[in-house]
Amino acid sequence: MKRVLLISLLTLSFTASFAQQSLDPVAVADSIAITGAKAYLQPGQPPVEDATILVVKGRVQAAGVGIVVPPGMRIVEAKGRIVTPGLMNSASQLGLVETGTPDTTDSAVTTGPLGASFDVQYALNPNSTLLPVARADGLTRAMVVPVASATPPFDGRGAVLRLSEGPDILDLSQAAVVAEVGGMVAPKSGGSRSAQWMLIRSALDAARRAAVPSTLHKEDDKSTLLSPSNVAALVPVIKRRVPLVIVAYRESDLRQAIALVDDYKIRVVILGAEEGWRVADLLASRKICVVLDPYASTPTTYDQMGARLDNAALLDRAGVVISFKAAFVHVSYNAGIAIREGAGVAVANGLSWSHALRALTVNPAETWGIEGHYGTLQPGMDADLVLWDGDPLEPMSAPVMVLVRGRQVSLETRQTLLEKRYRPGMAGDPLPPGYR
Amino acid sequence: MQELTMSDLSHPKRRSLRFVRVFPGILICLVVSSGLAQAPALPNPFPSTYKPLPRTDTLIDNATVLDGIGHRLLNAGVLLHDGKIIAIGPHLQAPPGTKTIDARGGFVTPGLVDVHSHLGDFAAPYTLRDEKVSDVNEESSPNSAEVWALHSIRVQDPQFARVRAGGVTTLQVLPGSSDLFGGRGVVLKNVPAVTVQQMEFPGAMPSLKMACGENPKYTFGEKGQFPSSEMGNVAGYRQAWIEASEYRRRWDDYYAKHDSSLRPPARDLKLETLAAVLRGQILVDMHCYRADEMAVVMDVAKEFGYKIAAFHHAVEAYKIVPLLKENHVCVALWADWWGFKVEAYDAVRANAAFVEAGGGCIMLHSDAPISGERLTLDAALAMGAGHRAGVDIPEERAIEWLTINPAKSLQLDEQIGSLEPGKNADVVVWSGDPFSVYTRANIVFIDGAIVFDRNDPRHQATSDFEVGQPAMERPQ
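Chains as they are written, first to last, in the numbering used here: chain V, 675 to 1110; chain X, 71 to 546.
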């Protein structure tokens, strides 16, 4: 049980010559060599034992066996422990929520003109206390999706976060347009899910017209049910630059999503897909990525009648690119632990461990279009990296070191600081905890 | 890791001594009340009709056994006879006619006891109608002490089977937390059934669900009703206890006169439940998050002389461990829920470990069904957080959070909660270490009967709700 905390073993040794070579002091400070790691450099592939990973200027410079560590780099000895890329949550409201009160919640609009064009990027709060908790669980990236707009069934546009410290947390804005269908939200579109699909199709028709240059200078398209700004938000979807995210669970809705791909040649990502296993081959053949809740086991609503714990395994086996989200309080507040333990639950129900790691890294990167710089530890990639004290899919495990874009981030959270303040043995302190 | 010798098992009074340590207040309270009031035992007009399922005497052998009272036995067996555990330890012999299950590589624990569940009263599937009116909360009054969760249970809730497959053999189903007084909870055996009485744990003491904080305040305050503040919450409790004390006095006077010609006082369902709490016949399960609220509520309990069995959720329990200990109040926790409302903002993952380290009493509860399917993983999360904060909890101790401690809180520890001779044969055979995410419950026994077997479809009950659902069947 006893784990040696790596932090105490970290050695920091700069040499003058190294500092002179690199004029960027930030880069020097963040040059790190991780040695002796069991490194999952390319999730899905077997790990590289006794690997060395060189991190320079925020990127992976080299990774593999027998790499010579240049003099002056800070060396972190992994001592055979597991290193993975930083993990990614594929659907959260990190940066948009704080305490559940309306004044701290920016994930939805319920009145006003904004529908598909509602864009969460301007609300992101880098000082949110949720971010350190997620980081301390090994999360370094997160897709952030809106949850409602004033023009249903559209929820608005999501963004990709990087969970670095400091104000610069926006990785990719307008990464997707989100729509939501199903029985539980049907009243917002008049009372039928058929209306939801009609509205989506009408909006895509309008966006297709707006995407043709010759129509750009015409008067507003009177045949559309959406305002011009909301139609404009869908033009990148029609041009396949970003995916249309559809929150959907029921088989019939998943088949409608498949039909959209066929009719509009757009990219679609499904959030939910509790009954995805029933149409796994069709989803795979349309290259529809699926973001699923690996804990979903029960017919929580009538749309989720087919929920089963091997959904992840069955979709993966069919070739669908899957990644993870969580439900209820775990969506954002436990955005890290919920998906890595959830990945473990998927493994317990038939998914291979190596594909579970893909679903936490390269798959979400590919789903959300950041695979060019995040998802693996290959040279040139952003150095999002986690050194673990055990198996990352076990709830008992935790990171001992997390790098986001090559910078080591603190694993301290409000929670660990409160734990320090109230740790056992402090009960006899005559001063109130507030002085600690 | 602590290992067990047979001599450890032979302490005859260990369990009852622990009982006294944790709950001296109850014992005293029961004795005093029955002496003074001469009130009859609490009647149950909806008595249990539970019958154990067909069973075979069984030896579960060659397992690592976590017995639920602090011991880990290696290569050990558990012998089940006539629905009871009759032996535990290494080198057990199976008597003739006894079936042997070779659990090599696996673990055996007591059946898990979930002290805070909403299965059946917050049944799946959830529908849009439940958004307005739901069976989990009677929201017409902040004092709904007259309602019983028993009467809301939908036994065909498909979630019962899901948590059965997670090793949960006993559940306390509680009303929700919208009210100051939410109503009576009910203890169920997690067996497939057609009526709720068939699931009802025979003779189990009912509880009264009460709630602190934001839920009652916002539920009623936002409707312009009382209470609309935390101070309103406390005034609401106290006013109700004053009325209940008066009601109890009226009935005690009536009982004391021993005159059947006298007309009895009028019955009042609400006050009947509250008076039973004051008599110690019903314990309070109190939904409370914050330390300052819990401290106030413990004083209210002293003011009116009733017993709080446990604070549920108790995200700030770690701030008042000595006070909880002093008041003999247990806490039922989530492992990691935090932040989703202001009163949950100070939750820490080492909460359970810190309370345990301070000598307090810990239970982990589900509240939501997805947690009920994997309570042992919540324990693993809490153990890991404790370790990183400097408190190591061994597995044989952590399993108590899910077994003997909730059994004690429900006053059922004479029957369930540990693997000891004489106890009900509620047993889980796990595929491996139950605190690992890769482990699953393979076989679940209740009263010696297999109620779930992962490898035998004959022992995988489904609810009526799941019958004939094309969406659940494999497509051709």
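Note that beta-carbon positions come from the ideal geometry of N, C-alpha and C, so glycine has one too. Since the model is a prediction, treat every value here as computed from it, not as a measurement.
Item, Value
"Starting from the beta carbon of X:K389, find every residue of chain V whose beta carbon is closer than 7 Å, and list them in chain order.", "Y1096"
"Can you list the beta strand (DSSP E) stretches of 3 or more residues lying completely in the segment 381-429 of chain X, in chain order?", "400-403"
"Checking the sheet assignment: what are the DSSP bridge partners for X:P180?", "X:V497"
"Does DSSP put X:M280 in a helix, a strand or coil?", "strand"
"For X:S298, which residues in the same chain have their Cβ closer than 7 Å to its Cβ, ignoring the five residues on either side in sequence?", "K287, F290, G291"
"Cβ atoms of X:P212 and X:G283: under 8 Å apart, would you say?", "no"
"How big is the Cα-Cα spacing for X:H328 and X:R318?", "16 Å"
"Would a C-beta distance cut-off of 8 Å place V:V1036 and V:G1049 closer than the cut-off?", "yes"
"I'd like to know if X:W311 contacts chain V, where contact means its C-beta is closer than 8 Å to some C-beta of that chain.", "no"
"What separation, rounded to the nearest whole angstrom, lies between the Cα atoms of V:G1046 and V:E1068?", "29 Å"
"Quick one: complete beta strand (DSSP E) runs, 3+ long, within the segment 929-998 of chain V?", "942-946, 963-966, 996-998"
"Between V:S997, V:A860, V:A853, V:A981, which has its C-alpha nearest V:I1013's C-alpha?", "V:S997"
"On the DSSP bridge list, what partners appear for X:A519?", "X:I516"
"Please state whether DSSP places V:M1070 in a helix, a strand or coil.", "coil"
"Give a yes or no on whether the minimum CB-CB distance between X:I513 and chain V is below 8 Å.", "no"
"Answer yes or no: does any C-beta atom of chain X fall closer than 8 Å to that of V:L798?", "no"
"Quick check on the DSSP output: the beta strand (DSSP E) that includes X:D172 runs from which residue to which?", "169-172"
"Can you confirm whether V:I1011, when its beta carbon is compared against all beta carbons of chain X, has any partner nearer than 8 Å?", "yes"
"Using only the alpha-carbon positions, how far apart do V:L1085 and V:G840 sit?", "14 Å"
"Could you tell me the alpha carbon to alpha carbon distance between X:S187 and X:W311, rounded to whole angstroms?", "26 Å"
"Mind checking whether X:M280 and X:I352 have CB atoms under 8 Å apart?", "no"
"Count the other CB atoms within 10 Å of the CB of V:T1087; is the residue buried (16 or more) or exposed (fewer)?", "buried"
"Using CA atoms only, rank isn't needed, just tell me which of V:V750, V:I940, V:T803, V:P759 is closest to V:G710.", "V:V750"
"Measure from the C-beta of X:I226 to each C-beta in chain V and report whether the shortest distance is under 8 Å.", "As written in the sequence, residue 226 of chain X is Gln, which differs from the Ile given in the question. By this cut-off, X:Q226 is not an interface position."
"Checking 8 Å against the spacing of the C-beta atoms, do V:M1055 and V:V734 come in under that value?", "yes"
"From X:F374 to X:A455, what does the alpha carbon distance come to, in whole angstroms?", "38 Å"
"On the criterion of 16 or more Cβ atoms from any shown chain inside 10 Å, does X:T119 qualify as buried, or is it exposed?", "exposed"
"Could you check whether the Cβ of V:T975 sits closer than 8 Å to any Cβ belonging to chain B?", "Absent here is chain B; the protein component of the structure consists of chains V and X."
"Just to confirm the assignment, what range does the beta strand (DSSP E) spanning X:F251 have?", "251-259"
"Can you name the start and end residues of the beta strand (DSSP E) that X:D131 belongs to?", "128-136"
"Using a Cβ-Cβ cutoff of less than 6 Å, which residues in the same chain neighbour X:G190 once the five nearest sequence positions on both sides are dropped?", "I223, R224, D227, V243"
"Specify, as a first and last residue, the run of the beta strand (DSSP E) that X:A109 falls within.", "From DSSP, X:A109 is part of no beta strand (DSSP E); its letter is neither H nor E."
"CA-CA distance, X:P124 and X:A519?", "6 Å"
"Hey, is the segment 504-513 of chain X in contact with the segment 227-239 of chain X, meaning 3+ C-beta pairs nearer than 8 Å?", "yes"
"Using 8 Å as the threshold, is the C-beta distance between V:L844 and V:L837 below it?", "no"
"If you draw a straight line from the alpha carbon of X:P165 to that of V:D990, how long is it in whole angstroms?", "48 Å"
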